[in-house]
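Here's the structure, in structure tokens; my notes come after.
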Amino acid sequence: MDSSGARDYFVDLQARIVADLEAIDGAGFGRDVWERQGGGGITCVIEEGQVFERGGVNFSHVRGGQLPASATASRPQLAGRAFEVMGVSLVLHPRNPYAPTVHMNVRLFVALPRVPGVGITAGNSEAPDFRPIWWFGGGMDLTPYYGFEEDATHFHRSCRDALAPFGADYHPRYKRWCDEYFFLRHRGEPRGIGGIFFDDLCEGGFEHCFALTRSVGDHFLPAYDPILRRRKDMPYGERERDFQAYRRGRYVE
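Count along the sequence shown from 1, add 924, and you get the number used in this note's numbering.
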């Protein structure tokens, strides 16, 4: 397993997405290339643009000395391992209430091999503690404030197309997972119209899982760009903006 190819892909994906969004908006994203102990990233943010009220498209690649508890809750055997995680995440809030908010992320998580320990010889490279344990995750989901059937159909079709080359069972499973993950249980309602969501993807080998994750990332712009272009210039008034602000409160819950 070589994570450098994944890093190169994520950096390129961020650049492609930002370039497309800048072409639509006309305003540029602010870029912050940052580094800290254990990693770094590229943060791209737009505020008060012509199309986007606020949005961020971020890449990060960080390392740590010990996996967080959330990562070992279902994997207690990995407790204490060092790790690296990398990926792209974005949230975009258009100004026009008829243009939906969107979220997407794709990521790779790697639990790094342990140092040689008691009862395991360093020469035994097949021992589980001496192999990196990796998994991919990600997805995309759409949150309209005013729904249009053609937009919903297009978005879900794009999600289906992203997963279709890898097997017929992926889309219904990841669509259901997304519906469950973004359901606001205390309100008894979904956050939006859903999309796809997946985590712990490791079956089929690294190249298979990386290809699926790339396909999800590569289908983001075909899924969202046409919807945004259809809705960004629709006329609206104060009533629509008030309703947008009201519904955005659900987004952070």
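Glycine included, every Cβ here is placed at the ideal spot set by N, Cα and C. Here the structure is a predicted model, which is why all the values come from computation and not from measurement.
Rounded separation between residue i and residue j - CA only
{"i": "residue 1022", "j": "residue 1066", "result": "12 Å"}
{"i": "residue 1140", "j": "residue 1083", "result": "7 Å"}
{"i": "residue 1116", "j": "residue 1061", "result": "20 Å"}
{"i": "residue 1009", "j": "residue 1069", "result": "33 Å"}
{"i": "residue 1025", "j": "residue 1161", "result": "18 Å"}
{"i": "residue 927", "j": "residue 1037", "result": "14 Å"}
{"i": "residue 958", "j": "residue 1159", "result": "39 Å"}
{"i": "residue 1092", "j": "residue 961", "result": "42 Å"}
{"i": "residue 979", "j": "residue 944", "result": "13 Å"}
{"i": "residue 984", "j": "residue 932", "result": "12 Å"}
{"i": "residue 954", "j": "residue 975", "result": "15 Å"}
{"i": "residue 1081", "j": "residue 1032", "result": "25 Å"}
{"i": "residue 1174", "j": "residue 1054", "result": "44 Å"}
{"i": "residue 999", "j": "residue 1127", "result": "16 Å"}
{"i": "residue 1086", "j": "residue 937", "result": "15 Å"}
{"i": "residue 947", "j": "residue 956", "result": "20 Å"}
{"i": "residue 940", "j": "residue 1138", "result": "13 Å"}
{"i": "residue 971", "j": "residue 1001", "result": "43 Å"}
{"i": "residue 1095", "j": "residue 1003", "result": "32 Å"}
{"i": "residue 1172", "j": "residue 1157", "result": "20 Å"}
{"i": "residue 1088", "j": "residue 1073", "result": "22 Å"}
Where residue i falls, given that 16 or more other Cβ within 10 Å makes a residue buried
{"i": "residue 1170", "result": "exposed"}
{"i": "residue 1108", "result": "exposed"}
{"i": "residue 1075", "result": "buried"}
{"i": "residue 989", "result": "exposed"}
{"i": "residue 1133", "result": "buried"}
{"i": "residue 1155", "result": "buried"}
{"i": "residue 1135", "result": "exposed"}
{"i": "residue 1163", "result": "exposed"}
{"i": "residue 1005", "result": "buried"}
{"i": "residue 1048", "result": "Residue placement at residue 1048 is flagged as unreliable, the pLDDT there being 44, under the threshold of 50; a coordinate-derived value is accordingly withheld."}
Proximal residues to residue i (C-beta, below 7 Å), its chain only, five neighbours per side dropped
{"i": "residue 973", "result": "949 and 951"}
{"i": "residue 1118", "result": "1065, 1099, 1102, 1103 and 1106"}
{"i": "residue 930", "result": "1010, 1032 and 1134"}
{"i": "residue 1150", "result": "1078"}
Beta-carbon proximity check, residue i vs residue j, cutoff 7 Å
{"i": "residue 1030", "j": "residue 1015", "result": "no"}
{"i": "residue 1120", "j": "residue 1105", "result": "no"}
{"i": "residue 969", "j": "residue 942", "result": "no"}
{"i": "residue 987", "j": "residue 963", "result": "yes"}
{"i": "residue 1017", "j": "residue 977", "result": "yes"}
{"i": "residue 1122", "j": "residue 1063", "result": "yes"}
Close-in-space but distant-in-sequence residues of the same chain around residue i (CB under 6 Å, 5 per side omitted)
{"i": "residue 1124", "result": "1059"}
{"i": "residue 1079", "result": "1066 and 1147"}
{"i": "residue 1178", "result": "Only positions 925 to 1177 of the chain appear in this structure, which leaves residue 1178 out of reach."}
{"i": "residue 1090", "result": "1136"}
{"i": "residue 1071", "result": "none"}
Cβ-based neighbour list, residue i, same chain, cut-off 8 Å, excluding 5 preceding and 5 following
{"i": "residue 1050", "result": "Residue confidence for residue 1050 is low, a pLDDT of 48 falling below 50, so the modelled location carries little weight and cannot support an answer."}
{"i": "residue 925", "result": "1034, 1056, 1058 and 1130"}
{"i": "residue 935", "result": "966 and 983"}
{"i": "residue 1043", "result": "In this prediction, residue 1043 scores a pLDDT of 38, lower than 50, which makes its location untrustworthy; the coordinate-derived value is nonetheless stated afterwards. Correct list: empty, nothing qualifies."}
- Pairing CB atoms from the stretch 1020-1038 with CB atoms from the stretch 1149-1168, are three or more of them under 8 Å? Remark: three or more beta-carbon pairs, one from each stretch, lie closer than 8 Å, so the stretch 1020-1038 and the stretch 1149-1168 are flagged as touching.
- Task: Say whether the stretch 993-1008 touches the stretch 1143-1162, bearing in mind that this needs 3 or more beta-carbon pairs closer than 8 Å, one atom from each stretch.
- Result: These segments do not touch.
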